[in-house]
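Colleague: Attaching a single structure in structure tokens format; questions to follow.
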Ligand code: GCU
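Numbering (my numbering), first residue to last: 516 to 931.
See the structure below:
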């Protein structure tokens, strides 16, 4: 590790500290004292207060059928509409699930998408998204609405056939159903549906889009765990980029997620803010004022005063398995800063007698490392590709084996 990295790590707040500054030395002290304290710091200074759960209503019939996908793969396809809130401000979340056709409940990856469920796969049976979407002629979004031309436009990010072949179900919903991604989106978001303030000066710890997306993931989980085909103890939350930030916060807020995966989540996600490499707190809060709680923007220019950092967010997953993925050309997301946050989160797993990354150096490209915390840096750009998904599956195979089979101790390519 170079001198700059060592200095960055030394300057970080202790992720195990309780309110009196003393670090937890036992899992109980972490669970009862330090974790709630560290979680409250993230709520207060970065994401906003966690919203209470609500009853998740399923609107109408769940559509359940067979879908013939590529490569001769036949899947069970489910589509459901979840209604959040009641009355004119209520919101509908369209959820799409593909499940392998086999007996017994299976593990499922769940994550949000950017452009509608129908953009994730060319399957003509997927309902076209009704959400407000940012215009993009290239991908068939016109007048802020999806058109038929947008089907499958994002499918490189959602390799259903390969993941079903690995035994994993794949669930997704459009982030815009939960919070349309613009400063004006708040009024049409689930926050409005559950009565949060949407106009005027917001409280400093009022949740923004990332917290709303995270909360929406929990509402989707409420429904997923009721399905007989889904193993409720093996639902993995995953997300790319801004939706990777949301996946990390969802995993922090809701420990029913059995494993957490961040892909290229960068600033406000897995990357250490204090490094100020790539996108900074000043950049992100200026460009995306709707993402965080208002207090976060107050740290623009003096991030060293932030009482927490990305390693605290990552530590919230402990002792559950966590996977952090970077891409080497994704300089805006500071790949090395994502790795160093995972290094700095290690003490949280150690408390439970587990090894996180296990002291490895930042690995070469395409070389997964780690134990209960996994990491890789892929060749190429900011994106979510099949390479990434297959590594998530490898990691989940090791840490979330079917009930009755012990988790493998093997660390895969650890240390290579
Ligand atoms: C922008 C933003 C990032 C974010 C990314 C994405 O680049 O600056 O913070 O992760 O969008 O969501 O694709």
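A virtual CB, placed ideally from N, CA and C, is assigned to each residue, including glycine. In this text, all values refer to a predicted model and were calculated from it rather than measured experimentally.
1) Would you call residue 517 buried or exposed, if buried means 16 or more other Cβ atoms sit within 10 Å of its Cβ?
2) Is it right to say residue 741 is buried, meaning 16 or more other beta carbons lie within 10 angstroms of its own, or is it exposed?
3) Please determine, among 913, 910, 842, 902, the residue with the shortest C-alpha to C-alpha distance to residue 879.
4) Please state whether the Cβ-Cβ distance between residue 761 and residue 786 is less than 8 Å.
5) Sort 585, 539, 608 by Cα distance to residue 865 and report the nearest one.
6) In chain order, which continuous runs of the beta strand (DSSP E) of length 3 or greater are located wholly inside the segment 836-863?
7) In terms of alpha-carbon separation, which member of 695, 707, 677 lies closest to residue 758?
8) In whole angstroms, what separates the C-alpha of residue 549 from that of residue 668?
9) Specify the secondary structure class of residue 769 as computed by DSSP and reduced to three states.
10) At which residues does the alpha helix (DSSP H) containing residue 554 begin and terminate?
11) Leaving out the 5 sequence neighbours to the left and right, which residues in its chain are closer than 6 Å to residue 531 when beta-carbon positions are compared?
12) If we ignore side chains and look at the alpha-carbon of each, how far apart do residue 586 and residue 679 end up?
13) To the nearest angstrom, report how far apart residue 839 and residue 827 are at their CA atoms.
14) Per DSSP, what kind of secondary structure is residue 624 in: helix, strand or coil?
15) Are residue 623 and residue 739 closer than 8 Å when you measure CB to CB?
16) Would the beta-carbon of residue 844 be found less than 7 Å away from any heavy atom of ligand 1?
17) Report whether the distance from the Cβ of residue 782 to the nearest heavy atom of ligand 1 is below 7 Å.
18) Give the single residue among 674, 903, 644, 870 whose Cα lies nearest to the Cα of residue 664.
19) Looking only at DSSP bridge pairs, what is residue 891 linked to?
20) Could you pull the start and end residues of the alpha helix (DSSP H) that residue 581 belongs to?
21) Going by DSSP, what residue range makes up the beta strand (DSSP E) through residue 748?
22) Answer yes if the segment 814-830 comes into contact with the segment 775-793, meaning at least three C-beta pairs across the two stretches below 8 Å, and no otherwise.
23) At 4 residues or longer, what runs of the alpha helix (DSSP H) sit wholly inside the segment 695-754?
24) On the premise that residue 635 lies in contact with residue 687, defined as a C-beta separation below 8 Å, what is that separation, rounded to the nearest angstrom?
25) Can at least three beta-carbon pairs, one atom from the segment 846-858 and one from the segment 615-633, be found at a separation below 8 Å?
26) For residue 589, tell me which candidate among 675, 699, 782 has the shortest Cα-Cα distance.
27) Check whether the Cβ atoms of residue 579 and residue 593 lie closer than 8 Å to each other.
28) Quick one: what's got a C-beta closer than 7 Å to residue 616's C-beta in the same chain, skipping five residues either side?
29) Once DSSP output is grouped into helix, strand and coil, what is the label at residue 800?
30) Which residue wins for smallest C-alpha separation from residue 852, given the options 898, 782, 832?
31) Check residue 654 in the structure and name its three-state DSSP category.
32) What is the rounded straight-line gap between the Cα of residue 906 and the Cα of residue 521?
33) Just list the residues that DSSP pairs residue 606 with in beta bridges.
34) Could you pull the start and end residues of the beta strand (DSSP E) that residue 516 belongs to?
35) Once the 5 residues before and after residue 621 are set aside, which same chain residues still bring their CB inside 8 Å of it?
36) Let me confirm a value: residue 581 is counted as buried when at least 16 other C-beta atoms fall within 10 Å, else exposed. Which label applies?
Modeller: Taking the coordinates as given:
1) For the purposes of this step, residue 517 is taken as residue 2 along the chain shown, with counting starting at 1. When all chains shown are included, residue 517 counts as exposed.
2) If you number the chain shown from 1, residue 741 lands on position 226. Its Cβ having fewer than 16 others within 10 Å, residue 741 is exposed.
3) Numbered from 1 along the chain shown, position 364 holds the residue referred to as residue 879. Minimum Cα distance to residue 879 is reached at 842.
4) Along the chain shown, read from residue 1 onward, the residue named residue 761 stands at position 246. Along the chain shown, read from residue 1 onward, the residue named residue 786 stands at position 271. No, these two residues do not count as a Cβ contact at 8 Å.
5) Residue 865 sits at position 350 when you count from the first residue of the chain shown. For the residues 585, 539, 608, the minimum Cα distance to residue 865 belongs to 539.
6) 837-842
7) Taking the chain shown and counting its residues from 1, the one referred to as residue 758 is at position 243. Ranking the options by Cα distance to residue 758, first place goes to 695.
8) Taking the chain shown and counting its residues from 1, one reaches residue 549 at position 34. Taking the chain shown and counting its residues from 1, one reaches residue 668 at position 153. One C-alpha to the other measures close to 44 Å.
9) Here the question's residue 769 lines up with position 254 in the chain shown. It is coil, neither helix nor strand.
10) On the chain shown, residue 554 is found 39 positions in, with the first residue counted as 1. Its alpha helix (DSSP H) spans residues 550-557.
11) Reading the chain shown from its first residue, position 16 is the one you call residue 531. Closer than 6 Å at Cβ, skipping near neighbours: 538, 539, 549, 862.
12) Position 71 of the chain shown holds residue 586. Position 164 of the chain shown holds residue 679. Cα to Cα, the separation comes out at about 12 Å.
13) Here residue 839 is taken as the residue at index 324 of the chain shown, counted from 1. Here residue 827 is taken as the residue at index 312 of the chain shown, counted from 1. So the two alpha carbons sit approximately 14 Å from each other.
14) Position 109 of the chain shown holds residue 624. Strand, per DSSP.
15) What you label residue 623 is simply residue 108 of the chain shown in a count that begins at 1. What you label residue 739 is simply residue 224 of the chain shown in a count that begins at 1. In this structure, residue 739 lies closer than 8 Å to residue 623 by Cβ.
16) Residue mapping note: residue 844 aligns to position 329 of the chain shown, counting from 1. It does not: the Cβ of residue 844 is nowhere closer than 7 Å to a heavy atom of ligand 1.
17) As a first step, residue 782 is located in the chain shown; it is residue number 267 there, counting from the start. The answer is yes for residue 782.
18) The sequence position of residue 664 within the chain shown is 149, counting from 1. Among 674, 903, 644, 870, the Cα nearest to that of residue 664 belongs to 644.
19) Locating residue 891 in the chain shown gives position 376, counting from the first residue. DSSP lists 840 as partners of residue 891.
20) Locating residue 581 in the chain shown gives position 66, counting from the first residue. Taken as a continuous stretch (DSSP letters only), residue 581 belongs to no alpha helix (DSSP H), being part of the beta strand (DSSP E) at 572-583.
21) If you number the chain shown from 1, residue 748 lands on position 233. Segment 745-755, the beta strand (DSSP E) holding residue 748.
22) yes
23) 705-708, 724-739
24) Indexing the chain shown from 1 puts residue 687 at position 172. Indexing the chain shown from 1 puts residue 635 at position 120. About 6 Å separates the two Cβ atoms, so the contact holds.
25) no
26) For this step, residue 589 is matched to residue 74 along the chain shown. When each option's Cα is compared against that of residue 589, the closest is 675.
27) Counting from one through the chain shown, the residue named residue 579 turns up at place 64. Counting from one through the chain shown, the residue named residue 593 turns up at place 78. Against a cut-off of 8 Å, the Cβ pair of residue 593 and residue 579 comes out as a contact.
28) For the purposes of this step, residue 616 is taken as the residue at position 101 of the chain shown. Cβ neighbours of residue 616 beyond the five flanking positions: 589, 590, 591.
29) Taking the first residue of the chain shown as position 1, residue 800 is located at position 285. DSSP places residue 800 in helix when its eight states are reduced to three.
30) For the purposes of this step, residue 852 is taken as residue 337 along the chain shown, with counting starting at 1. Answer by Cα proximity: 782.
31) The residue labelled residue 654 in the question sits at position 139 within the chain shown. Correct three-state label for residue 654: helix.
32) Mapped onto the chain shown, residue 906 falls at position 391. Mapped onto the chain shown, residue 521 falls at position 6. Their backbone Cα atoms lie some 28 Å apart in a straight line.
33) As a first step, residue 606 is located in the chain shown; it is residue number 91 there, counting from the start. For residue 606, which the question treats as bridged, DSSP gives the partners 599.
34) For the purposes of this step, residue 516 is taken as residue 1 along the chain shown, with counting starting at 1. Counting along the chain, residue 516 falls outside any beta strand (DSSP E), and DSSP gives it neither H nor E.
35) In the chain shown, residue 621 corresponds to position 106, counting from 1. Answer for residue 621: 614, 615, 682, 683, 684, 744, 745, 746, 749, listed in chain order.
36) Indexing the chain shown from 1 puts residue 581 at position 66. Exposed, by the Cβ-count rule.
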